[in-house]
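Participant:
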Amino acid sequence: MRHGAIADKTEELGQHTESARRMRREYKKDKAASQAADTDLAVLVMDFSQNLTIPSVTSTPSHWYFCSLLAVNLFGIFYENNGTQTNYVYDQFASGKGSDQIISMLQHFIRTVLVPAGKKHLVVYADNSSGQNKNNHVIRFFLAQVQYGTFERVDYKFFVKSHTKNSCDRGFGHIWKRVSSSDCWTMDHIVRAADDSATTNTTSYKPLVEELDKKLVGVQQYQVFTMSQDKPGVVQCRKGPDDKPIEKDLRRKVDGVFTDGHKVTRMLDHFLEDLEPPAEKSEKIAELHKNIRPYVPEEFQSNPIYAAPSKEQGEDAKAAKQARREHRAAMAVAAKATLNRRGRDAENAGHPVQKKLRK
């Protein structure tokens, strides 16, 4: 039994490794194809870096390790055709790290780089992050781009889990090296460290793509998704680059009419709205002002990052802190009650009580 289990695990590991090798070969093949002269193929790799923080200094005050600093998101798009990376940098007050943000940055890159270059076949590589990249919203965005006419074909491909090292990581490494060797007190300092950064607003794409196309069921089991103009509204799904595709028609049918290119064009041109910034984090604002600002050089203390919280924000921060204390206290009481109950159960199991006989 034990030997059988080990054999099964060994076989599973072998299949996993072979899948990773197949995707690496596919990646190298696409990179080579992007170097051909006069090609209409564009190959991108996109990824989020580990969060940066503000402030980020070479000599960190000891008590900062117990504080919550301002998180800075860093999203990179590496353009394999010319070997350049574009970085999008924004803090947690500006926006989050969901599919709307990814789509907005992709759309900005497509509009400013790929469309002027006349690219018609797009290949995008990403890691296997189900919450950010590998989800229905990003897939349906690419489907809409094909129906809109921006591209004739889009291939969306994923590296195998635990084998996701890619070209963006090299660029992130240079940024981290520069940030770690300098003092960054403001967003401008972080942006200068990232060097090549782009500016764009985040847009709310989720409601739009949900109205245009249906949800793709079982998205996590596939590694390659292909969308082309000769099959409008259809996503070809593959578990590996060499596997037979499974076709999924995602077009919605409203009043007997399927989603078509005219509807997609109208929706993308007239119904996109800017994404609202995330809710205010009153605790973060209060902590940055009270605990971090005293250590910031005087010339940067007036930066909005370290601004004093308003009266309302201060009250919200106190209320949130009090609610967290009460929650922790309640959790401790519940944990103690559970331990006591388990102790009683163990005692009863060791010394069973005989039932009284009925008279």
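Take the sequence shown: its position 9, counted from the start at 1, is 9 in UniProt numbering, and no numbers get skipped.
Ideal placement from N, C-alpha and C gives every residue a C-beta, glycine not left out.
1) Give every residue of the same chain whose Cβ lies closer than 6 Å to the Cβ of residue 80, excluding the five residues on either side of it in the sequence, and list them in chain order.
2) Under the rule that 16 or more other beta-carbon atoms within 10 Å means buried, what is residue 127, buried or exposed?
3) I'd like the list of long-range same chain contacts for residue 141, defined as Cβ closer than 7 Å, with 5 residues on each side in sequence excluded.
4) Just to confirm, is the Cβ distance from residue 203 to residue 275 under 8 Å?
5) Whole angstroms are fine: how far does the CA of residue 45 sit from the CA of residue 167?
6) When you compare each of 182, 236, 169 to residue 155 by their alpha carbons, which one comes out closest?
7) I'd like to know whether the C-beta atoms of residue 224 and residue 207 end up nearer to each other than 8 Å.
8) According to DSSP, simplified to helix, strand and coil, what is residue 281?
9) What whole-angstrom Cβ distance do residue 370 and residue 47 have, given they're in contact under 8 Å?
10) Give the single residue among 278, 310, 319 whose Cα lies nearest to the Cα of residue 98.
11) Could you check the C-alpha separation between residue 18 and residue 253 for me, to the nearest Å?
12) Helix, strand or coil: which one does DSSP assign to residue 85?
13) Count the other C-beta atoms from every protein chain shown that fall within 10 angstroms of the C-beta of residue 298, then say buried if there are 16 or more, exposed otherwise.
14) By the three-class DSSP mapping on this structure, what secondary structure does residue 31 have?
15) Cα separation between residue 182 and residue 288?
16) What do you get for residue 304, buried or exposed, if any count of 16 or more other CB atoms within 10 angstroms of its CB means buried?
17) Check each candidate in 314, 69, 93 and name the one with the smallest Cα separation from residue 280.
18) Just grab the DSSP bridge partners of residue 48 for me.
19) Tell me which residue opens and which closes the alpha helix (DSSP H) that residue 139 is part of.
20) Per DSSP, what kind of secondary structure is residue 365 in: helix, strand or coil?
21) DSSP three-state label for residue 213, please.
22) So, helix, strand or coil for residue 93, using DSSP?
23) Give the straight-line distance between the Cα atoms of residue 313 and residue 107, rounded to the nearest whole angstrom.
24) Give me the Cα-Cα distance between residue 55 and residue 184, rounded to the nearest whole angstrom.
25) Within the 8 Å Cβ cut-off, does residue 72 reach chain B?
26) Does the beta-carbon of residue 331 have 16 or more other beta-carbons within 10 angstroms, so that it is buried, or is it exposed?
27) Tell me where the alpha helix (DSSP H) around residue 158 begins and ends.
28) Suppose the cutoff is 6 Å on Cβ atoms and the five residues either side in sequence are ignored; what does the same chain contact list for residue 123 look like?
29) Three-state secondary structure (DSSP) at residue 191?
30) Terminal residues of the continuous alpha helix (DSSP H) containing residue 237?
31) Classify residue 271 as buried or exposed, calling it buried when 16 or more other Cβ atoms lie within 10 Å of its own Cβ.
32) Can you find the residues in the same chain that come closer than 8 Å, C-beta to C-beta, to residue 1, ignoring five residues on each side of it along the sequence?
Facilitator: Based on what the coordinates show:
1) Numbered from 1 along the sequence shown, position 80 holds the residue referred to as residue 80. These residues qualify, in order along the chain: 31, 34, 43.
2) Within the sequence shown, the letter at position 127 stands for residue 127. Sixteen is the threshold: when 16 or more other Cβ atoms of the shown chains lie within 10 Å of the Cβ of residue 127, as they do, the residue is buried.
3) As a working note, residue 141 is residue 141 in the sequence shown. Once the five neighbours on either side are set aside, the close Cβ partners of residue 141 are 103, 205, 209.
4) Here residue 203 corresponds to residue number 203 of the sequence shown, with the count starting at 1. Here residue 275 corresponds to residue number 275 of the sequence shown, with the count starting at 1. Judged by beta-carbon spacing, residue 275 lies within the 8 Å limit of residue 203, meaning their Cβ atoms are closer than that value.
5) Mapped onto the sequence shown, residue 167 falls at position 167. Mapped onto the sequence shown, residue 45 falls at position 45. Between residue 167 and residue 45, the alpha-carbon positions lie close to 7 Å from each other.
6) Locating residue 155 in the sequence shown gives position 155, where the first residue counts as 1. Cα-wise, what sits closest to residue 155 is 236.
7) Counting from 1 along the sequence shown, the entry for residue 224 is found at position 224. Counting from 1 along the sequence shown, the entry for residue 207 is found at position 207. Result no, Cβ atoms of residue 224 and residue 207 do not sit closer than 8 Å.
8) Translated into the one-based positions of the sequence shown, residue 281 becomes position 281. The answer is coil: DSSP assigns residue 281 none of H, G, I, E or B.
9) Examination of residue 370 is not possible in this model, given that the chain is present from 1 through 359 alone.
10) Taking the sequence shown and counting its residues from 1, one reaches residue 98 at position 98. Taking only the C-alpha atoms, the option nearest residue 98 is 278.
11) Translated into positions along the sequence shown, residue 18 becomes position 18. Translated into positions along the sequence shown, residue 253 becomes position 253. Roughly 40 Å separates the two Cα atoms.
12) Numbered from its first residue, the sequence shown carries residue 85 at position 85. Three-state DSSP puts residue 85 in a strand.
13) Here residue 298 refers to the residue found at position 298 when the sequence shown is read from its first residue. Of the residues assessed, residue 298 falls on the exposed side of the cut-off, its CB having fewer than 16 other CB atoms within 10 angstroms.
14) What you label residue 31 is simply residue 31 of the sequence shown in a count that begins at 1. In the displayed model, residue 31 falls within a helix according to three-state DSSP.
15) On the sequence shown, position 182 is the one that residue 182 refers to. On the sequence shown, position 288 is the one that residue 288 refers to. Cα-Cα distance, rounded: 20 Å.
16) The residue given as residue 304 occupies position 304 in the sequence shown. A residue is called buried once 16 or more other Cβ atoms fall within 10 Å of its Cβ, and residue 304, having fewer, is exposed.
17) Counting from 1 along the sequence shown, the entry for residue 280 is found at position 280. Taking only the C-alpha atoms, the option nearest residue 280 is 93.
18) Start at 1 with the first residue of the sequence shown, and residue 48 comes out as number 48. In the DSSP secondary-structure assignment, residue 48 is bridged to 75.
19) For the purposes of this step, residue 139 is identified with residue 139 of the sequence shown, where counting begins at 1. 136-148 is the extent of the alpha helix (DSSP H) around residue 139.
20) No information on residue 365 is available, as it lies outside the stretch 1 to 359 that the chain covers here.
21) Counting from one through the sequence shown, the residue named residue 213 turns up at place 213. In the structure shown, residue 213 sits in a strand (DSSP, three-state: E or B).
22) One-based indexing of the sequence shown puts residue 93 at position 93. Residue 93 falls in the coil class under three-state DSSP.
23) Locating residue 313 in the sequence shown gives position 313, counting from the first residue. Locating residue 107 in the sequence shown gives position 107, counting from the first residue. In a straight line, the C-alpha of residue 313 is about 35 Å away from that of residue 107.
24) Counting from 1 along the sequence shown, the entry for residue 55 is found at position 55. Counting from 1 along the sequence shown, the entry for residue 184 is found at position 184. Rounded to whole angstroms, residue 55 to residue 184 spans 6 Å at the Cα level.
25) The structure shown contains no chain B; it holds only a single protein chain.
26) Working through the sequence shown from its first residue, we reach residue 331 at position 331. The residue in question, residue 331, is exposed, as its Cβ has fewer than 16 Cβ neighbours within 10 Å.
27) The residue labelled residue 158 in the question sits at position 158 within the sequence shown. Element bounds for residue 158: not the alpha helix (DSSP H) but the beta strand (DSSP E), 153-158.
28) The residue given as residue 123 occupies position 123 in the sequence shown. Leaving aside the five residues that flank residue 123 on each side, the residues in its chain whose CB is nearer than 6 Å to its CB run, in chain order, 30, 43, 155.
29) As a working mapping, residue 191 is identified with position 191 in the sequence shown. Helix.
30) Position 237 of the sequence shown, counted from the first residue, corresponds to residue 237. Per DSSP, residue 237 lies in no alpha helix (DSSP H); the unbroken beta strand (DSSP E) holding it starts and ends at 234-238.
31) One-based indexing of the sequence shown puts residue 271 at position 271. Its Cβ having fewer than 16 others within 10 Å, residue 271 is exposed.
32) Looking up residue 1 in the sequence shown gives position 1. Low confidence applies here, because residue 1 scores a pLDDT of 45, under 50, leaving its location unreliable; read the following figure in that light. Contacts found: none.
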